[in-house]
Amino acid sequence: MVRLSEIASPKLSAEGERSFRWAEAHMGALTTLAADYVSSKALSGVKLGVCLHVTKETSVLVDALLEAGAEVTLAGANPLSTQDDIAAFLAERAEVHAWRGQTAKEYNSCIDKVLRTRPAQLIDDGGDLHVAAHEHKTRGIAGGSEETTTGVVRLRAMESEGLLAYPVIAVNDAKTKFMFDNRYGTGQSTLDGIMRATALLLAGRHIVVVGYGWVGKGVAMRARGMGAIVTVVEVDPVRALEAHLEGYDVTSIEKAATLGELFITATGQKDVIPYDAIELMRDGAILANAGHFDVEIDVATLLSRAKSVRETRPNVDEVALPRGKKVYLIGKGRIANLVAAEGHPPEVMQMSFANQFLAAVKIRREAKSLEPKVYGVSSEAEDEVARSALKSMGIAIGEQTGVQRKYAKSWKV
Ligand code: ADE
Numbered sequence: 017m018v019r020l021s022e023i024a025s026p027k028l029s030a031e032g033e034r035s036f037r038w039a040e041a042h043m044g045a046l047t048t049l050a051a052d053y054v055s056s057k058a059l060s061g062v063k064l065g066v067c068l069h070v071t072k073e074t075s076v077l078v079d080a081l082l083e084a085g086a087e088v089t090l091a092g093a094n095p096l097s098t099q100d101d102i103a104a105f106l107a108e109r110a111e112v113h114a115w116r117g118q119t120a121k122e123y124n125s126c127i128d129k130v131l132r133t134r135p136a137q138l139i140d141d142g143g144d145l146h147v148a149a150h151e152h153k154t155r156g157i158a159g160g161s162e163e164t165t166t167g168v169v170r171l172r173a174m175e176s177e178g179l180l181a182y183p184v185i186a187v188n189d190a191k192t193k194f195m196f197d198n199r200y201g202t203g204q205s206t207l208d209g210i211m212r213a214t215a216l217l218l219a220g221r222h223i224v225v226v227g228y229g230w231v232g233k234g235v236a237m238r239a240r241g242m243g244a245i246v247t248v249v250e251v252d253p254v255r256a257l258e259a260h261l262e263g264y265d266v267t268s269i270e271k272a273a274t275l276g277e278l279f280i281t282a283t284g285q286k287d288v289i290p291y292d293a294i295e296l297m298r299d300g301a302i303l304a305n306a307g308h309f310d311v312e313i314d315v316a317t318l319l320s321r322a323k324s325v326r327e328t329r330p331n332v333d334e335v336a337l338p339r340g341k342k343v344y345l346i347g348k349g350r351i352a353n354l355v356a357a358e359g360h361p362p363e364v365m366q367m368s369f370a371n372q373f374l375a376a377v378k379i380r381r382e383a384k385s386l387e388p389k390v391y392g393v394s395s396e397a398e399d400e401v402a403r404s405a406l407k408s409m410g411i412a413i414g415e416q417t418g419v420q421r422k423y424a425k426s427w428k429v
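Convert by adding 16 to the 1-based position in the sequence shown; the result is the number in the working numbering.
So, in structure tokens, the structure goes:
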């Protein structure tokens, strides 16, 4: 079969395979859970269109999907997040349209190439593939799944406007996804990206975390764990209260701008660091984003007002402001953990991707009986993924007795 992949270099395949093996060895929850579906070829002949960050962890998911019988066409979920060795490794068995350093036009064209293969099912991270499928009115899609908060928000908006054309499983909304991936995954990998990019000390540094959802909680917790002084900016009153009782300093972006040395956005919202706040920051402030899209820091205004911009280290741009101060932007304001590091660790992604794998099987089996809606993940699937993850970590837990199960539902003491 001729495959029309577009990747940086096929020569990187052996390196990609080594990375794949390393991730696979740490993603037992996914591989064990997938084993039965692989033996029964549960996805036999299914054409899958996939838009995910092309990482070593994604290669383990793609491998499981291929082994279960699917045909996969893959695009990256961000112009800067593709690991080129992994793209080369996967291109030996799937059609891959992904390389690191794409323009916005190239990024969109790769998504279009996935849709041109006329997939029957989609797996997406961020919603761009689903949105493009709707804009192009791609026919024959039975259903799909979505990995991240931002993508689920977009799909729910489409659903409420009556535009959603097929059922989508919101993998992000599984407890075994958001409580672990969004919190512990992003918490670790965002700091990992910032540390790789800057090589600076976090202990004693004043870090401002903008947003206190699951991602913000993880980032704040890990920053504090590294000895940073942490301020949280949050506009939701309940979350702000939670951050306060967790012991963080909580304030507005205007106030935080004058205090912080390193700013990390984690909101899924636009312009949470507006240009005016950047003007208030101290000379040398560092800006990083942990959210899916590069809209959280007002990068467009920052660059349009800049006196100069130069790459001072890989993934660090020094931006000279009109009045003489300099700020440093990590990864062009794109998702720092995937641009400046390798994304979440495999032990976290094994849960997210076990949910993706089960969602693909569910769509294959049940799409006809589902409506064009956004669906959650069943509690059975949650338990299956959690048990598989515990097993992969060598943790054995007990069970409720029959008497306890009854007691839990009874009004009698
Ligand atoms: N999103 C965050 N981390 C990731 C990873 N390692 N692989 C794929 N998607 C991710």
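Ideal Cβ positions, reconstructed from N, Cα and C, are used throughout, including at glycine. All values reported here derive from a predicted model rather than from experimental measurement.
Answer yes or no: the CB of E367 versus the heavy atoms of the ligand ADE, is any distance below 7 angstroms? The sequence shown places Met at residue 367, rather than the Glu named in the question. No, since every heavy atom of the ligand ADE falls outside the 7 angstroms radius drawn around the Cβ of M367.
Buried or exposed: where does R381 fall if 16 or more other Cβ atoms within 10 Å of its Cβ makes it buried? exposed
Leaving out the 5 sequence neighbours to the left and right, which residues in its chain are closer than 6 angstroms to I269 when beta-carbon positions are compared? V249, A293
Around the Cβ of I413, are there at least 16 other Cβ atoms within 10 angstroms (buried) or fewer (exposed)? exposed
Going by beta carbon distance, what residues of the same chain come within less than 7 angstroms of S404, once the five residues before and after it are set aside? A45, T48, L49, A370
Which whole-angstrom value is the C-beta distance of L318 and Y291, which I expect to be below 8 angstroms? 6 angstroms
Using a Cβ-Cβ cut-off of 8 angstroms (strictly less than) and excluding sequence neighbours within five positions of A391, which residues of its own chain qualify? Rather than Ala, the amino acid found at residue 391 in this sequence is Tyr. Result list for Y391: P183, V184, I185, A186, in chain order.
Which class does V62 belong to by DSSP, given the choice of helix, strand or coil? coil
Reference T154, options L138, T164, S161, E162, closest by Cα: If we check each option's Cα against that of T154, L138 comes out closest.
Contacting residues, own chain, Cβ-Cβ under 6 angstroms from M409 (five flanking each side not counted): none
The ligand NAD and G229: does any heavy atom of the ligand fall closer than 7 angstroms to the residue's C-beta? With respect to the ligand NAD, the structure offers nothing, as its ligand set consists of the ligand ADE.
Can you tell me the Cα-Cα spacing of A149 and E398, whole angstroms? Distance between the alpha carbons of A149 and E398: 28 angstroms.
Any beta carbon of chain C sitting closer than 8 angstroms to that of M367? Included in the structure is just one protein chain, with no chain C present.
Between the segment 84-92 and the segment 60-75, can you find at least three pairs of beta-carbon atoms closer than 8 angstroms? yes
Whole angstroms are fine: how far does the CA of N188 sit from the CA of G203? Separation of G203 and N188 (C-alpha to C-alpha, rounded to the nearest whole angstrom) is 16 angstroms.
What I want to know is whether the C-beta of L145 ends up closer than 7 angstroms to one or more non-hydrogen atoms of the ligand ADE. no
From the DSSP secondary-structure annotation, give me the bridge partner or partners of Q137. L64, G159
Anyone know if the C-beta pair for T164 and H308 falls short of 8 angstroms? yes
In the DSSP output, which residue or residues are listed as bridge partners for N432? The shown model of the chain, from 17 to 429, leaves out residue 432, and the question about it has no answer.
Output yes or no for whether 8 angstroms exceeds the beta carbon distance between E73 and M43. yes
Are the CB atoms of V112 and G85 nearer to each other than 8 angstroms? no
Is N198 near the ligand ADE, judged by its Cβ being under 7 angstroms from some heavy atom? no
Helix, strand or coil, according to DSSP, for D287 in the structure here? Coil, per DSSP.
For A306, collect the residues of the same chain with a Cβ closer than 7 angstroms to its Cβ; drop the 5 residues on either side in sequence, then sort them by chain order. Excluding sequence neighbours, A306 sits near T202, T206, V231, V235, I280, T281, A282, I351, A352, N353.
Which whole runs of the alpha helix (DSSP H) in the segment 231-264 are 4 residues long or more, in chain order? 253-261
From what residue to what residue does the beta strand (DSSP E) around E91 run? Checking the displayed sequence, the identity of residue 91 turns out to be Ala instead of Glu. Run containing A91: 87-91, per the beta strand (DSSP E) assignment.
Is N353 near the ligand ADE - that is, is its Cβ less than 7 angstroms away from at least one heavy atom of it? yes
Can G201 be considered in contact with the ligand ADE, in the sense that its beta carbon sits closer than 7 angstroms to one or more heavy atoms? It does: the Cβ of G201 is within 7 angstroms (strictly closer) of some heavy atom of the ligand ADE.
Look at the alpha carbon of V311 and the alpha carbon of K286, and state the distance between them as a whole number of angstroms. 5 angstroms
Whole beta strand (DSSP E) runs in the segment 322-409 with 3 or more residues, listed along the chain? 324-329, 332-336, 342-346
Straight-line CA distance for G284 to W38? 31 angstroms
Euclidean distance between Cα positions of P388 and K428: 43 angstroms
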